[in-house]
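Worksheet: the structure to be examined is printed underneath.
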Amino acid sequence: MGARRRPGGGRPGLPRPAPLPPAGLRGRTPGEVLRAAHAWTNLELLAVGAGICPRCSAAVETELDACADHEDDGVCSNCRSRFAVLLKASCPNCPYEVGGAAALGLLSAPELLAFMLDHGFDPFSPQSVLRLDRFLNEYDEEVRSTDPLRATLTFSVDGDELAIRVDGSGDVVGGPM
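Residue numbers for the sequence shown follow the numbering used here, so the first one is 25 and each next one is one higher.
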């Protein structure tokens with residue numbers, strides 16, 4: 025508890041881009057398909073972060089869980105993620121579910137959106153999704169307690185930092201630090 029952890033290298037912990045409908049492939053280069061798939065995924069995650077199922081619009085149930093025995097070097101053998109705090113979201117109305125790094129559940133948080141937009145990250149634009157992916161893949165996390173879960177996620181860009189405290193539901197508690 026209390027130790028800051030910066031996950032290192034790779035993508036484990038982040039979901040793969042959502043599959044695109046067939047129309048998403050037509051007339052695009054492989055690079056454009058990749059950017060479109062990332063943008064499509066970000067739009068889904070924005071909905072999930074707002075508590076809305078991107079498939080049926082029902083209320084999504086979200087929770088964060090912290091790996092009790094997280095290993096800091098690469099991918100943890102206990103939780104199979106680089107991140108100690110993981111998001112799980114599911115829809116009670118349809119079979120939609122997603123999981124990954126806790127930061128993904130914060131994409132619709134006003135504090136994080138403002139910080140991203142102030143630093144040139146537009147989660148709605150296919151042109152910035154690869155840069156946004158790197159940003160969301162490189163944050164510090166600190167597990168402050170596990171019962172109840174309290175964690176701080178610290179995002180850094182261009183020498184600026186934003187620390188956001190979250191609870192076990194993935195809600196921002198106490199505002200940015």
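We put the beta carbon where it would ideally sit given N, CA and C, even for glycine.
In its chain, beyond the 5 residues on either side, C100, A108 have a beta carbon closer than 6 Å to the beta carbon of H94.
Only buried fits N66, as 16 or more other CB atoms lie within 10 angstroms of its CB.
By the criterion of a C-beta distance shorter than 8 Å, G48 is surrounded in its chain by V57, A60, A61, W64, once the five residues flanking it on both sides are discounted. Put simply, the backbone Cα of D191 is about 15 Å away from that of G75. If you draw a 10 Å sphere on the C-beta of R50, you find fewer than 16 other C-beta atoms in it, and that means exposed. S169 has R174 as its beta-bridge partners, per DSSP. Spatial neighbours of R79 in its own chain (CB-CB distance under 6 Å, excluding positions within 5 residues in sequence) are listed in chain order as C118, Y120.
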